[in-house]
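Engineer:
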Amino acid sequence: MSTLVKICGLNAQDAVDAALEAGADMVGFVVFDRSPRHVSLDQAASLGARVPSSAAKVLLTVDADDASLAAAISALDPAFLQLHGTETPERVAAIRAGFGVKVIKAIAIGERPDLDLIRCYDDIADMLLFDALPRLDATRPGGNGAGFDWSLLAGVATKKPWLLAGGLDAGNVGQALRETRAPGVDVSSGVESAPGVKDRAKIAEFIAVVRAARREKLGLARVSV
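All the letters of the sequence shown, read from the start, carry residue numbers 735 to 959 under this note's numbering.
1) Mapping DSSP to helix, strand and coil, what is S927?
2) Would you kindly work out how many angstroms separate the C-alpha atoms of R853 and P895, rounded to a whole number?
3) Could you tell me the distance, in whole angstroms, from the CA atom of Q777 to the CA atom of N745?
4) Touch check for the stretch 930 to 949 and the stretch 792 to 810: three-plus C-beta pairs under 8 Å?
5) Any idea what DSSP makes of G876, helix, strand or coil?
6) Beta strand (DSSP E) containing A746: first to last residue?
7) Can you tell me where the beta strand (DSSP E) holding V764 begins and where it ends?
8) Nearest by alpha-carbon distance to G832: which of L815, T892, P770, I841 is it?
9) Mark D800 as exposed unless 16 or more other C-beta atoms lie within 10 angstroms of its C-beta, in which case mark it buried.
10) Hey, does D856 have any beta-carbon neighbour from chain B nearer than 8 Å?
11) Identify, in the order they occur along the chain, each residue of the same chain with its Cβ nearer than 8 Å to the Cβ of L897, setting aside the five sequence neighbours on each side.
12) Do you know how far the Cα of A753 is from the Cα of Q747?
13) Could you pull out every residue in the same chain whose Cβ sits closer than 8 Å to the Cβ of V826, ignoring the five residues on either side in sequence?
14) Within 10 Å of its beta-carbon, does T822 have 16 or more other beta-carbons around it, so buried, or fewer, so exposed?
15) Would you please state the rounded distance, in angstroms, between the beta carbons of R846 and L886? I believe it to be under 8 Å.
16) When the Cα atoms are used, what is the spatial distance from L849 to I843?
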C-alpha cells in the first residue's frame, strides 16, 4: 500500500492545484481562526469544489461546537474530520456518530506516556495523527513547525492507520519514514515559503521524497526475500 500523503492548511486555489498535481492523497482545510491557514466557510466551499473524488478532503477543527461543525461540514463536504484539540473520547464518538463523517484524532506527543492516549481513541477514531506537543505558550495545537522524538513511536501498535506530523519537510521526511514506518505523513508549514503561504516547488519535492522512500522500502523488501 502506498504511503498516504496529506497536505494540510491549503487556503488558495494555486496551493490546492499544486497538491493535487503532485499526487497528494489527502488535502486539508483549516477552520480555526487562530491559524494563519484558516479559511472561511465560503473559501472552504470554493476550494473544496476543486478537489476530485480521487483525493480525500479533510476538515481540521479545534474543539468546535456542533453548530460550527455542521456549518463547516456543509460547506466542505469532507471525507474526514480532523479533530486537533482536546476532544475527549466521548466527544469524538459523539461527533462521529452524529455527523456520519470519518474522524482523524490528533494526539500530541512529547513523552512516552503520551502514547497511552492511543488506547483511548484507537477504537473510536477512523485514523490517528501523531503531532508534536505544542509549547505552553503556543496559540494553536498544530502547524507550528515543531517536531518530536520519532524514537518514541518505535514499536507503536495501533488498530487504525495513522499519520505522522510535526516539523516534517522534504529534508527529513525520508528519514522519518525509515525510523517510524509511518503509514502516512501530514505536512503544512514544511511546504510553505511563509506562514500560510504554500510553495508549489516544496509541495512537489515533499511528495517526491515520500514516493522515493516508498520505492526504496519495496526494493529492500524484494532483496530480503
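C-beta: ideal position from N, C-alpha, C; glycine also. Remember, predicted model here, so these are calculated numbers, not experimental data.
Structural biologist: To lay it out plainly:
1) Strand.
2) Taking C-alpha positions only, R853 is separated from P895 by approximately 14 Å.
3) Rounded to whole angstroms, the gap between the alpha carbons of Q777 and N745 is 8 Å.
4) No, they do not touch.
5) The predicted model places G876 with a pLDDT of 49, which falls under 50 and marks its position as unreliable; any figure quoted below should be read in that light. DSSP places G876 in coil when its eight states are reduced to three.
6) Run containing A746: none; DSSP gives neither H nor E here.
7) Where V764 is concerned, the enclosing beta strand (DSSP E) stretches over 760 to 764.
8) Measuring from the Cα of G832, the nearest candidate turns out to be L815.
9) With a threshold of 16 other beta carbon atoms within 10 Å, D800 falls short and is exposed.
10) This model lacks chain B altogether; it includes just one protein chain.
11) So the qualifying residues of the chain are L738, K740, I838, M861, L862, L863, F864, A916, P917, G918, V919, D920.
12) So the two alpha carbons sit approximately 10 Å from each other.
13) Correct list, in chain order: L817, V837, K839, Y855, I858, A859.
14) Counting Cβ neighbours within 10 Å, T822 comes out exposed, since fewer than 16 surround it.
15) With a Cβ gap of about 6 Å, R846 and L886 count as contacting.
16) Spanning the two alpha carbons is a distance of roughly 7 Å.
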